[in-house]
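Asks: Next up is a structure, given as C-alpha cells.
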Amino acid sequence: MKPVISANSLSIVGMIILLNSLTIQCKGDPKKAYSRNHNSAILISTLFNHRMLLLLKGTYATDEPLAFDEYSNGSGQLYQDDSGSGTNDPAFDLTNLPAAKDLPIFIDIGEIRISTQYQKGIASLTQIKDAKDSKRFWDFIAPERQVYCTLPPYSAGDSTCRKTGLSKMDDFLSGKGAVYPSNGPTSETYGDSAQQNDATRNGVTNGTQYYYTGVYLRSILTGFGRENGGTIINTFFDNTQIFGGGVNIVPRNNFNPGTDDATKTTAVPQLFPLFYSVQAGQSDMTIRPGSDPYILEIRTNFKENLMVHSYVTPLGYVDTLVGFSDWNKTHNGEPDMGGNLLTRSRIIYPEFASSLEISGGTKSIPHYYAVYRKDEQDFFGQLPLVSSPVKQGVTKIKYIHEGQYRLQCRGDITRVDGNPETIVRETFFTISPEQRKQTTQVSLTCP
Numbered sequence: 044m045k046p047v048i049s050a051n052s053l054s055i056v057g058m059i060i061l062l063n064s065l066t067i068q069c070k071g072d073p074k075k076a077y078s079r080n081h082n083s084a085i086l087i088s089t090l091f092n093h094r095m096l097l098l099l100k101g102t103y104a105t106d107e108p109l110a111f112d113e114y115s116n117g118s119g120q121l122y123q124d125d126s127g128s129g130t131n132d133p134a135f136d137l138t139n140l141p142a143a144k145d146l147p148i149f150i151d152i153g154e155i156r157i158s159t160q161y162q163k164g165i166a167s168l169t170q171i172k173d174a175k176d177s178k179r180f181w182d183f184i185a186p187e188r189q190v191y192c193t194l195p196p197y198s199a200g201d202s203t204c205r206k207t208g209l210s211k212m213d214d215f216l217s218g219k220g221a222v223y224p225s226n227g228p229t230s231e232t233y234g235d236s237a238q239q240n241d242a243t244r245n246g247v248t249n250g251t252q253y254y255y256t257g258v259y260l261r262s263i264l265t266g267f268g269r270e271n272g273g274t275i276i277n278t279f280f281d282n283t284q285i286f287g288g289g290v291n292i293v294p295r296n297n298f299n300p301g302t303d304d305a306t307k308t309t310a311v312p313q314l315f316p317l318f319y320s321v322q323a324g325q326s327d328m329t330i331r332p333g334s335d336p337y338i339l340e341i342r343t344n345f346k347e348n349l350m351v352h353s354y355v356t357p358l359g360y361v362d363t364l365v366g367f368s369d370w371n372k373t374h375n376g377e378p379d380m381g382g383n384l385l386t387r388s389r390i391i392y393p394e395f396a397s398s399l400e401i402s403g404g405t406k407s408i409p410h411y412y413a414v415y416r417k418d419e420q421d422f423f424g425q426l427p428l429v430s431s432p433v434k435q436g437v438t439k440i441k442y443i444h445e446g447q448y449r450l451q452c453r454g455d456i457t458r459v460d461g462n463p464e465t466i467v468r469e470t471f472f473t474i475s476p477e478q479r480k481q482t483t484q485v486s487l488t489c490p
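Dropping the structure here:
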C-alpha cells in the first residue's frame, strides 16, 4: 500500500524544494539564471513544479467506483450491444469471452496537456492548423509517455508496463487515480482578451484560468477479439505482438458511427487527444497564485462502460471486439464507434476543500449520486464534477469546494449499458467559505 501524502506535507516539501532551488540560483551568475526569460518565470516554474499533483482516473465516479464484479447489475459480465439483423451489430462470436474482471486491458498514453487559450480552442481544436499553433496553444505539463496494463501482462519478458504500469493501472481503475509524471503549468497571464472577459464574468480575478485539457491516447488494447471463427492475434502493443488475442480500439473510437471519409480529413480524432473543454456554469479549472499545493484531476468513463461490439471489415469478415458502450452515439455495425468516452477535469485544493455526506440512499448498483455546479447546463456531454455509486444509508464524497451545487440521483435504467442516463430526482445545496475542510450533509432519496 502506497503512503498517503497529506496536503500539509506537500506544502512543506514544496517550500523546502523552493528554498533549495533559490539557493542554487543565487550561487551562480544571476544573469545566467534569467537568460532564457527576462522575468521570474524560472523561479515561478520551479515553485509550480512541486506544488501540483496530476491524477488520471479511468472512472465515471470520482469516489468508490463500481468493481468489475458489479458489471451488468451484478452479473460481472461485459455489456453487449444489440446484435442480429437489420440495423444492429452483426451477430457476435463470443467464444472465450472473459468476464469483465478478467479482460486484459493495456493503455499507452503519449502525454497530457492543458491550455489557457480560450478562443483558439473553440470548435474542438479544429483551429489548430500546424505545429506552431499547437505550441502556442498548449502548456506541455506532462510530456512523458506512460503505459498501464492489467494482468496477465502482454509480454513474458521485460516491458514498459512491467516496470511501472501494473500499479498505475490499478490506481487508474480503482478511483484512487494514477499519478502522472508532470511539471507544473507555466502560464502566468490570460491567453486572450476574450478569455480575460470570460474569466472576469466568472469571478476569476486572481489566478490563471485554464479551459482545456488533452490526454493523448496512443493505443488502448482490450484482450478479446474474434474474426472469421478465430482469435485476432495480429495486434501489436508497445512493439510487442499480442498472441493472447486483442484489438487496439483507438482507431475504432476516433470518430462517431457513420462519419464519412471527407469529414475525417478535417475532424480531430476523439482520442488523440481525449479533449475536455470547460462549459457554461463550470468553475473548477483556476490555478491560484501562491504555494498552496493542488491536484489536477482528469478522469474519463473508461471502466464502467466496456461493451462487446461487432462490425464488418473491408474483406467482408465480421470482427467481434470489446470497446465502449454506445450509450451516447448508437453503434449499428459501423467500423467507427466513437462519441461515448467522456471526460472532466478539475483543480482541487485539499487544504480548502470540504467533504460531502449524502443521506437517503438505498444501495442499487445501477444508481449514482452526481454533483454539478448549480449553473451547469450540460449533464450528458461531460462527466459530473464529482460522483459516487449510491451506498446504503450514507454516501461519502471528498474534495468539493465552496459554491452552489446541483445533486442528482441518476440511474442506468432505460438501457443497462454502464451509463446512468436517467435523472431520477435532484436537489440543491451550498457550501459556504466557512465550511472549508468540514463535512457538509445533504439528503436525497435514491433510487
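Take 44 as the starting number for the sequence shown in this note's numbering and just add one per residue.
No residue lacks a Cβ here, since even glycine has one placed at the ideal position from N, Cα and C.
In this text the structure is predicted, and so the values were computed from the model without any measurement.
Could you check if P300 is buried or exposed, using at least 16 other CB atoms within 10 Å of its CB as the buried criterion?
Replies: As a first step, residue 300 is located in the sequence shown; it is residue number 257 there, counting from the start. Buried.
Asks: If you draw a straight line from the alpha carbon of T302 to that of P108, how long is it in whole angstroms?
Replies: Position 259 of the sequence shown, counting from 1, holds the residue named residue 302. Position 65 of the sequence shown, counting from 1, holds the residue named residue 108. When rounded, the distance between both Cα atoms is 32 angstroms.
Asks: Can you give me the start and stop residues for the beta strand (DSSP E) that A413 sits inside?
Replies: By 1-based counting over the sequence shown, the position of residue 413 is 370. Unbroken beta strand (DSSP E) run through A413: H410 to R416.
Asks: Expressed to the nearest angstrom, what Euclidean distance is found between the alpha-carbon atoms of Y392 and Y223?
Replies: If you number the sequence shown from 1, residue 392 lands on position 349. If you number the sequence shown from 1, residue 223 lands on position 180. Rounded to the nearest angstrom, the two C-alpha atoms are 18 angstroms apart.
Asks: Mapping the DSSP letters down to three states, classify Q162 as helix, strand or coil.
Replies: Along the sequence shown, read from residue 1 onward, the residue named residue 162 stands at position 119. Q162: helix per DSSP, three-state reduction.
Asks: For the stretch 98 to 108 against the stretch 355 to 372, are there 3 or more C-beta pairs whose distance is under 8 angstroms?
Replies: Result no; under three Cβ-Cβ pairs closer than 8 angstroms.
Asks: Name the two residues that bound the continuous alpha helix (DSSP H) containing Y337.
Replies: As a working note, residue 337 is residue 294 in the sequence shown. That residue, Y337, is in no alpha helix (DSSP H); its beta strand (DSSP E) goes Y337 to T343.
Asks: Just to confirm the assignment, what range does the beta strand (DSSP E) spanning F472 have?
Replies: Start at 1 with the first residue of the sequence shown, and residue 472 comes out as number 429. Per DSSP, F472 belongs to the beta strand (DSSP E) from T465 to I474.
Asks: Buried or exposed, going by whether 16 or more other CB atoms sit within 10 Å of the CB of R179?
Replies: On the sequence shown, position 136 is the one that residue 179 refers to. Counting Cβ neighbours within 10 Å, R179 comes out exposed, since fewer than 16 surround it.
Asks: Considering only residues of the stretch 434 to 460, which uninterrupted beta strand (DSSP E) runs meet the minimum length of 3 residues and lie entirely inside it, listed in chain order?
Replies: List check, beta strand (DSSP E) in window: 436 to 443 and 446 to 454.
Asks: Where does S430 land, buried or exposed, given buried means 16+ other C-beta within 10 angstroms?
Replies: As a working mapping, residue 430 is identified with position 387 in the sequence shown. The residue in question, S430, is buried, as its Cβ has 16 or more Cβ neighbours within 10 Å.
Asks: Hey, how far is the Cα of F279 from the Cα of R188?
Replies: To locate residue 279, count along the sequence shown from 1; it is residue 236. To locate residue 188, count along the sequence shown from 1; it is residue 145. The alpha-carbon atoms of F279 and R188 are separated by roughly 17 angstroms.
Asks: Please report the residue range of the beta strand (DSSP E) in which A319 lies.
Replies: As a working note, residue 319 is residue 276 in the sequence shown. With the sequence shown as reference, residue 319 is identified as Tyr, and Ala is not the correct amino acid for it. Per DSSP, Y319 belongs to the beta strand (DSSP E) from L317 to S320.
Asks: What residue range is occupied by the uninterrupted alpha helix (DSSP H) comprising S177?
Replies: Here residue 177 refers to the residue found at position 134 when the sequence shown is read from its first residue. Per DSSP, S177 belongs to the alpha helix (DSSP H) from A174 to F180.
Asks: In three-state terms, what does DSSP make of T193?
Replies: Indexing the sequence shown from 1 puts residue 193 at position 150. It is coil, neither helix nor strand.
Asks: Taking only three categories from DSSP, how would you classify Q478?
Replies: Residue mapping note: residue 478 aligns to position 435 of the sequence shown, counting from 1. The answer is helix: DSSP assigns Q478 an H, G or I state.
Asks: State the DSSP-derived secondary structure class of K100, mapped to helix, strand or coil.
Replies: On the sequence shown, position 57 is the one that residue 100 refers to. The answer is strand: DSSP assigns K100 an E or B state.
Asks: Please classify V365 as buried or exposed, where buried requires at least 16 other C-beta atoms within 10 Å of its C-beta.
Replies: To locate residue 365, count along the sequence shown from 1; it is residue 322. Label assigned to V365: buried.
Asks: Do Y254 and S177 count as a contact pair if the criterion is CB distance below 8 angstroms?
Replies: Reading the sequence shown from its first residue, position 134 is the one you call residue 177. Reading the sequence shown from its first residue, position 211 is the one you call residue 254. The answer is no: Cβ separation not under 8 angstroms.
Asks: Quick check on the DSSP output: the beta strand (DSSP E) that includes G117 runs from which residue to which?
Replies: Locating residue 117 in the sequence shown gives position 74, counting from the first residue. From DSSP, G117 is part of no beta strand (DSSP E) but of the alpha helix (DSSP H) over Y114 to G117.
Asks: Could you check if N291 is buried or exposed, using at least 16 other CB atoms within 10 Å of its CB as the buried criterion?
Replies: Working through the sequence shown from its first residue, we reach residue 291 at position 248. Buried, since its Cβ has 16 or more Cβ neighbours within 10 Å.
Asks: Suppose contacts are defined by Cβ-Cβ distances below 8 angstroms. Is A413 in contact with Q451 by that definition?
Replies: Here residue 413 corresponds to residue number 370 of the sequence shown, with the count starting at 1. Here residue 451 corresponds to residue number 408 of the sequence shown, with the count starting at 1. A contact, by the Cβ cut-off of 8 angstroms.
Asks: Suppose you measure from the CA of A174 to the CA of Q481; what does that come to, to the nearest Å?
Replies: As a working mapping, residue 174 is identified with position 131 in the sequence shown. As a working mapping, residue 481 is identified with position 438 in the sequence shown. Using only the alpha carbons, I get a separation of about 46 angstroms.
Asks: May I ask you to report which of helix, strand or coil DSSP gives D145?
Replies: On the sequence shown, position 102 is the one that residue 145 refers to. Helix, per DSSP.
Asks: Would you mind giving the Cβ-Cβ distance between N383 and F395, rounded to the nearest angstrom? I have them listed as a contact below 8 angstroms.
Replies: Walking along the sequence shown from the start, residue 383 turns up at place 340. Walking along the sequence shown from the start, residue 395 turns up at place 352. Contact flag wrong, Cβ pair sits at about 34 angstroms.
Asks: Just mark E347 as buried or exposed, buried being the case when its beta carbon has 16 or more other beta carbons within 10 Å.
Replies: To locate residue 347, count along the sequence shown from 1; it is residue 304. Answer is buried; the Cβ neighbour count reaches 16.
Asks: Looking at C-alpha atoms only, which residue of R295, G273, N282 and Q170 is the closest neighbour of G288?
Replies: As a position in the sequence shown, residue 288 is number 245, starting the count at 1. Minimum Cα distance to G288 is reached at G273.
Asks: Do L426 and I390 have their C-beta atoms within less than 8 angstroms of each other?
Replies: Here residue 426 refers to the residue found at position 383 when the sequence shown is read from its first residue. Here residue 390 refers to the residue found at position 347 when the sequence shown is read from its first residue. No, the pair does not count as a contact, with Cβ atoms beyond the cut-off.
Asks: Give the DSSP-derived three-state secondary structure of R331 in the structure shown.
Replies: Looking up residue 331 in the sequence shown gives position 288. In the structure shown, R331 sits in coil (DSSP, three-state: anything other than H, G, I, E or B).
Asks: At which residues does the beta strand (DSSP E) containing T363 begin and terminate?
Replies: Residue mapping note: residue 363 aligns to position 320 of the sequence shown, counting from 1. Here the beta strand (DSSP E) through T363 covers V361 to F367.
Asks: In angstroms, rounded to a whole number, what distance separates the CA positions of I443 and F422?
Replies: By 1-based counting over the sequence shown, the position of residue 443 is 400. By 1-based counting over the sequence shown, the position of residue 422 is 379. Spanning the two alpha carbons is a distance of roughly 18 angstroms.
Asks: Could you have a look at E347 and say whether DSSP puts it in helix, strand or coil?
Replies: One-based indexing of the sequence shown puts residue 347 at position 304. Helix.
Asks: Expressed to the nearest angstrom, what Euclidean distance is found between the alpha-carbon atoms of G381 and D369?
Replies: Taking the sequence shown and counting its residues from 1, one reaches residue 381 at position 338. Taking the sequence shown and counting its residues from 1, one reaches residue 369 at position 326. Their Cα atoms are separated by approximately 8 angstroms.
Asks: Going by Cα to Cα distance, which pick from M212, G227 and I285 is closest to G220?
Replies: Numbered from 1 along the sequence shown, position 177 holds the residue referred to as residue 220. If we check each option's Cα against that of G220, M212 comes out closest.
Asks: What is the C-beta distance between R342 and G227, in whole angstroms, given that I count them as a contact (C-beta under 8 angstroms)?
Replies: Residue numbering aside, residue 342 sits at position 299 when the sequence shown is read from its first letter. Residue numbering aside, residue 227 sits at position 184 when the sequence shown is read from its first letter. Between G227 and R342 the Cβ distance is about 20 angstroms, and since that is not below 8 angstroms, they are no contact.
Asks: To the nearest angstrom, how far is it from the Cα of D335 to the Cα of R269?
Replies: One-based indexing of the sequence shown puts residue 335 at position 292. One-based indexing of the sequence shown puts residue 269 at position 226. Roughly 51 angstroms separates the two Cα atoms.
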